[in-house]
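Line by line, the protein sequences are chains A and B.
Just so we're aligned: the first sequence equals residues 1240 to 1430 in the working numbering.
Just so we're aligned: the second sequence equals residues 1240 to 1430 in the working numbering.
Below: the structure, in structure tokens.
Number of protein chains: 2
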Amino acid sequence: MENETRQEEIIRVAAKLFKEKGYSAVTMRDLATTMNMKAASLYNHINSKQEILEKIIMRIARKFSVGMTTVKSSNDSCIVKLKKIIALHVEVSSQNIYGMAALNHDWVHLEAQLGPYKKLRSDYENDFKEILKEGIAAGEISPIKPDVMMFSILTTLRSLYLWIPKKEVIHLEELTNNLSEILINGIIKEN
Amino acid sequence: MENETRQEEIIRVAAKLFKEKGYSAVTMRDLATTMNMKAASLYNHINSKQEILEKIIMRIARKFSVGMTTVKSSNDSCIVKLKKIIALHVEVSSQNIYGMAALNHDWVHLEAQLGPYKKLRSDYENDFKEILKEGIAAGEISPIKPDVMMFSILTTLRSLYLWIPKKEVIHLEELTNNLSEILINGIIKEN
């Protein structure tokens, strides 16, 4: 990758290792070996395995937060806001396949950043639910329980990282459009 | 549980232990302790931890297969078939919260039954996709890529076991109806 710092490279390789072997099973020595570095040099760039995990997870979690803040503060209709959130998930997931695995599975291993991570996650869900509620109030969205709608949509969006790599070719814009169609308009054909 | 055989009780308790500690970490001794039995007595009812895992997973996998076969062979429209599949997932998931965790995460630990399990899973997905394709051909379902539709719907349905226990009260019929509405008609309000 061009213009990547050594630290960024370490984080990228570590995310792949965590995905393959599980966070707990990976040692700093494994990481050094994979990177063809001496363990001592590794510590010139990063303090600990925990710091790597924090950087992987919090960087992505903040991307989602920033994206949600932008969407929330726009003057778009609720449906357009949801479409932008779907696009956000496709974009962040496709760019961070391994990091998304850490975000979804290894957040339990966070130490100092566990609280901040959980806060970002629950803020995100609250904002998401708020958009649904506004949409219901405005008559844009069907008056179904916001909890069930959020579960259904977010579960699909949060699993994209598992699914995208399995497709031989992914046209991200087409995927975003298809998902918007399915998640917002449903699959039934209008007569 | 009434009329539960000792073997069924062992399987039920083991599924909970697998969920809490992970399949690999649970020993037959842990299971015997939890059940307040001697390890030797445990072996009167079951041969091995692997046999327990097989029974947990294959029993549920076969429920889904049988359900799909019934739905597939009916004369219902494709939309009604999908609604019945949604109801099947709500029913099986709500009755097997711990078993569903094993089905989703511990199937990788299957040995002799790994092939048969994978076959059931891929047959299920093929049948699911076939219903979507028939629905598109019949003009009932929007002509969106069946792969993306299946990913979106099945991801939500397969995660129900994670979500149902978090709700204080779940009215399963209402949940089935809400999910049908969301997954089939979408969340946008018809004008």
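Cβ atoms here follow ideal geometry from the backbone N, Cα and C, with glycine treated the same way.
Note that the coordinates shown come from a computational prediction; the quantities given were computed from them, not determined experimentally.
- One finds Val1387 in chain A with Cβ atoms closer than 8 Å to the Cβ of Leu1414/B, taken in chain order.
- Within 8 Å of the CB of Glu1379/A, the CB atoms of chain B belong to Ile1427 and Lys1428, in sequence order along the chain.
- Put simply, the backbone Cα of Lys1302/B is about 11 Å away from that of Gln1334/B.
- For Glu1407/B, no alpha helix (DSSP H) encloses it, and the DSSP letter there is neither H nor E.
- When Cβ-Cβ separations below 7 Å define contact, Asn1343/B makes no contact with chain A.
- The three-state secondary structure of Ile1403/A, taken from DSSP, is helix.
- Straight through space, the alpha carbons of Ile1299/B and Val1331/B are spaced by roughly 8 Å.
- Note on Tyr1282/A: under 16 other CB atoms within 10 angstroms of its CB, so exposed under the neighbour-count rule.
- Under the Cβ criterion of 7 Å, Ser1398/B is counted among the residues facing chain A.
- Bounds of the alpha helix (DSSP H) holding Met1389/B are Pro1385 to Arg1397.
- For Ile1296/A, the closest of Ile1324/A, Leu1321/A, Lys1260/A and Met1339/A by C-alpha to C-alpha distance is Met1339/A.
- Check the Cα spacing between Pro1382/A and each of Leu1418/B, Met1276/B and His1328/B: the tightest is with Leu1418/B.
- Residue-level contact by beta carbon fails for Ile1324/A and chain B, as no gap is shorter than 7 Å.
- Selection Glu1412/B, Leu1414/B and Leu1401/B evaluated against Lys1258/B yields Leu1401/B as nearest (Cα-Cα).
- Under the three-state reduction of DSSP, Ile1427/A is assigned to strand.
- Annotation for His1284/B: Arg1245, Gln1246 and Ile1249 place their beta carbon closer than 7 Å to its own, counting only its chain and skipping 5 residues before and after.
- CA-to-CA, the gap between Glu1407/B and Met1276/A works out to about 51 Å.
- Within the DSSP bridge table, the entry for Ile1380/B names Ile1427/A as partners.
- Per DSSP, Gln1352/B lies in no alpha helix (DSSP H) segment and is marked neither H nor E.
- Under the DSSP assignment, Asp1269/B falls in the alpha helix (DSSP H) whose first and last residues are Met1267 to Thr1273.
- Distance from the CA atom of Leu1353/B to the CA atom of Gly1374/A, rounded to whole angstroms, is 45 Å.
- Between the region 1258-1269 of chain A and the region 1341-1349 of chain A, the count of Cβ pairs shorter than 8 Å is three or higher; the stretches touch.
- If you draw a straight line from the Cα of Lys1405/B to the Cα of Ser1287/A, it comes to about 34 Å.
- From the listed residues Val1387/B, Ile1325/B, Tyr1363/B and Ile1380/B, the smallest Cα separation to Glu1412/B is found for Ile1325/B.
- The three-state reading of DSSP puts Tyr1262/B in helix, counting H, G and I together.
- In this chain, the alpha helix (DSSP H) harbouring Asn1343/B covers Ile1336 to His1344.
- Interface with chain B (7 Å Cβ-Cβ cutoff): Ser1391/A is included.
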